[in-house]
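Residue numbers for the sequence shown follow the working numbering, so the first one is 964 and each next one is one higher. Beta carbons: idealized from backbone N, C-alpha and C, even for Gly. Structure record follows, encoded as structure tokens.
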Amino acid sequence: MKKNIITYVSIAVAIICVSLLLKPIFLQDNLYIAVIGPMKGEDSPNGEEMRRGIQLYLDRAKKEKNFLAGKIKLLFFDDEDNSRRAMEIATKVAEDERVILVLGHLSSSPCIAAGAIYKKEGIPSITGSATSEFVTTKNDWYFSILPTSEVQTGFIAHYLKKREKKSVSIIYTDDSYGYDLYTNFIKYSEKLGIEIVKSWKVSNEKDKLDSDLKWAITELRTIKEPGVIFLATGSFEGAKILSMLNYSGTNYSIICPDSFAGKKFLKEIKKYEGESPGCYSNDICVLSPFIADIAGHEGRLFRKDFVNKYYDEPTWIAAMYYDAMHVAMKAMEKAGVSYITNIRDAREKIRKTLKGFLGPDNSVPGLSGNIYFDENGNTNRTLAFGMYSKQKLYPTFVQYQEMDMNLGYTSSNIISDALQSKIIEIGDRRMKISNVIYTNIIINEIKSLNIDESKYNIDFEVSFLSTEDTSGMPALIKFSNSDSIIKLGKPILDLTKDGYTLKTYHVDGTFNIDFDFRKYPFDKQKLFIKFYHPYLQRNSLIFIHDTGEISKQNNKRDINKIVNAINGWKIENIKFYEDIIKYNLPLKVQNSPDLYYAVNYSQCNAEIEITRKHFGLIFQVYAPILLIIVVLFILYFVPYDKFGARITIIMGAMVITALYHLKLNVLIGLKIKYLIYADYAYLALYIFIIIPALISVYVYVKKRVTSVRE
């Protein structure tokens, strides 16, 4: 028996030793991902956004205890957004036996140049910013989570058609980015009957750009009706064009691609606008892959985390590379790549897994919708339209959302909506118009607070800024936390100008609230006003808080000027945000009565934070505790042979503690069914009273027993 044990132990030790010796040779614990983009120079703002988005998702994955997150190491490379430099780095990365995946490059030309090397050497790559279809065409190793130029121009052309814009003039650069946008827009404009008044090609080389632009702008100004001006250029050229177009004071209608929604554009336009933010960029329409205000719950959390970490607003580039890192990690998880034994095999597994993200059923949830690829490795995710106001991008009043075919669409109503331009088809996806309404709540008075019934009464004004054809929608809103049905009635303000309507309603209502007294008397309570449209889902209507930049109204009210009629409380803060309210509705499928589908509604929230003026309450709650502690401290100076005196003090302390504890419950209401922090303080106090009582009894009994024996 002893001999067998020695044999088994020897075998186990041998196996452990061999595995430890072989591990450095065959296993690679860390998983290296190369991040390639413009990390220095003029384009570095966009490169920094790439870095931030990727790192933010890794931070989230680590916080969620994702096994792979701690093993992933990022290697950053600067390709200067230059094709030749991109090829040099691609060769270096492909030969690096540690790297299993590439995230980047920023622009299409470097992606195309480097992509040939990635295909030859067999290394999977994901871009979150390049738009040319040639990045992924005939390259099974390159994937893009950003829609191509063809998809972008399809969105732009349909958007102009919806706004009844019948003619367009185009300025485009002679690089691949500008030319792709130009040629694809021409294709869609022919389909939709949009007239191309004139087009100008300008060089993207700085020494030729100025002369080309002067000629183009001079000729543009001679055209009486140029229509909408489509700037199919990069951010550097675009900022210069805007300054030249608006210099004469002419009010052009301008629409731009995603290059105008990044950090680099803001950096460039600030050079021209100086101390007058928005003087050239205000009201231009920009297509962006991500606008946080309409991205839903995940987009709002991303924005919050980004601002908390970097003290800056995220651009679409940060959002796309956040999603790119998410897709990469999901592919690594699904491929079972947690350590590397063979780098070529690991790269191939990841590529095959990425190819498997095909269609909605095999998608990865992104910040603004599900991410999946077509047969070419591209995604047709929903894009957003924004308009600039003082260098900040706000959602426009018309957006497009992907249709959920589970919601009861029929062939007849799809055709009807398509004829009315409510539905568009881009690629293999159908998109439905989603209207945006800007809203704001101005608090006049908090009139009462009923703690016993968990209610409060408030007087406020609610305003809605919308297009004329959607101005009737707000009248049907439902306050989801109101105590009774609230109807808006007639507006106290009704203004219409330039196709937009601003309506303001007065509301005096009672709303329900869930109080949380656990930190009493240091508690802060939140009073909510919540409303949504009960007949229009989020893919048809989105509410957004109006800061005043869009409506041009003074939508702010000083907290100190709000009438506060609730004694003992003060208003600490007010914030507004949109979230999603979800309901499960029965899916009417024959023989399947238990099937449901989720419907989402856009809900606008006003959150009023109130705090107690609690100095007096602190004294009422905690002064008795301190008093009893002092009494108990004195007790220790009373000899044990004074048993009667000790018991009198202890019983007095217990009675006083119980009375004040009862008073505490009366103060906050006897309906509370959970313990508050002060309860724990009193429970601790009971223990401190009981311990000396038990000790006193023990000593007293012991002495009596001893005296009887003697």
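Check                                                                                                                                    : Outcome
Residue span of the beta strand (DSSP E) that contains Q1488, given as start and end                                                     : K1487 to Y1495
Beta-bridge partners of T1464, as assigned by DSSP                                                                                       : S1429 and T1459
Alpha carbon of I1247 to alpha carbon of Y1351, nearest angstrom                                                                         : 6 angstroms
T1402: CB within 7 angstroms of a non-hydrogen atom of the ligand ATP                                                                    : Absence of the ligand ATP is noted for the structure shown, with no ligands found whatsoever.
Span separating the alpha-carbon of S1007 from that of G1033                                                                             : 27 angstroms
Length of the line joining the Cα atoms of E1431 and I996                                                                                : 50 angstroms
Sheet register partners of M1394 (DSSP bridge)                                                                                           : E1365 and I1387
Opposing strand residues paired with Y1419 [DSSP bridges]                                                                                : L1412 and F1474
Coil, strand or helix - A1528 by DSSP                                                                                                    : coil
Nearest to N1245 (by Cα), restricted to the options L1595, I1257, I1232 and D1044                                                        : I1232
Contacts around Y1585, its chain only, beta-carbon distance under 6 angstroms, and the 5 residues preceding and following it disregarded : none
Best match in L1499, V1065, E1424 and T1146 for proximity to Y1564 [C-alpha to C-alpha]                                                  : L1499
Beta-bridge partners of A1347, as assigned by DSSP                                                                                       : S1251
CA-to-CA distance, M1292 to L1031, given in whole angstroms                                                                              : 8 angstroms
Q1018 in three-state terms, based on DSSP                                                                                                : helix
Contact under 8 angstroms by Cβ, S1152 with I1159                                                                                        : yes
Where Y1661 falls, given that 16 or more other Cβ within 10 Å makes a residue buried                                                     : exposed
Start and end residues, beta strand (DSSP E) containing E1311                                                                            : Element bounds for E1311: not the beta strand (DSSP E) but the alpha helix (DSSP H), I1306 to K1318.
Pairwise C-alpha distance: G1004 and S1397                                                                                               : 39 angstroms
Cβ shell of I1597 (< 8 angstroms), same chain only, five flanking positions each side left out                                           : I1612
Proximity below 8 angstroms, CB of V1065 to CB of I1086                                                                                  : yes
Simplified DSSP state of H1068, which is helix, strand or coil                                                                           : coil
Beta-carbon proximity of L1465 to L1451, cut-off 8 angstroms                                                                             : no
Straight-line gap, L1229 to A1281 (C-alpha atoms, nearest Å)                                                                             : 15 angstroms
Own chain partners of V1594 with C-beta closer than 7 angstroms, once the 5 adjacent residues on each side are dropped                   : I1612 and A1616
Inter-residue Cα distance where the pair is L1194 and A1093                                                                              : 18 angstroms
Contact between the segment 1305 to 1315 and the segment 1334 to 1351 (3+ Cβ pairs under 8 angstroms)                                    : no
K1395, buried or exposed, once every other Cβ within 10 Å from all chains shown has been counted against 16                              : buried
Three-state class that DSSP yields for A1656 in the structure shown                                                                      : helix
Whole-number beta carbon distance between P1358 and I1257, since they are thought to touch under 8 angstroms                             : 5 angstroms
Per DSSP, the bridge partner or partners of L1038                                                                                        : A997
Status (buried if at least 16 other CB within 10 Å, exposed otherwise) for S1198                                                         : buried
The segment 1013 to 1025 / the segment 1265 to 1285 touching (three or more Cβ pairs under 8 angstroms)                                  : yes
Endpoints, beta strand (DSSP E) assigned at V1327                                                                                        : V1327 to G1329
N- and C-terminal bounds of the alpha helix (DSSP H) containing V1290                                                                    : W1279 to A1298
Run of the beta strand (DSSP E) containing K1636, from where it starts to where it stops                                                 : Segment: none, K1636 is in no beta strand (DSSP E) and carries neither H nor E.
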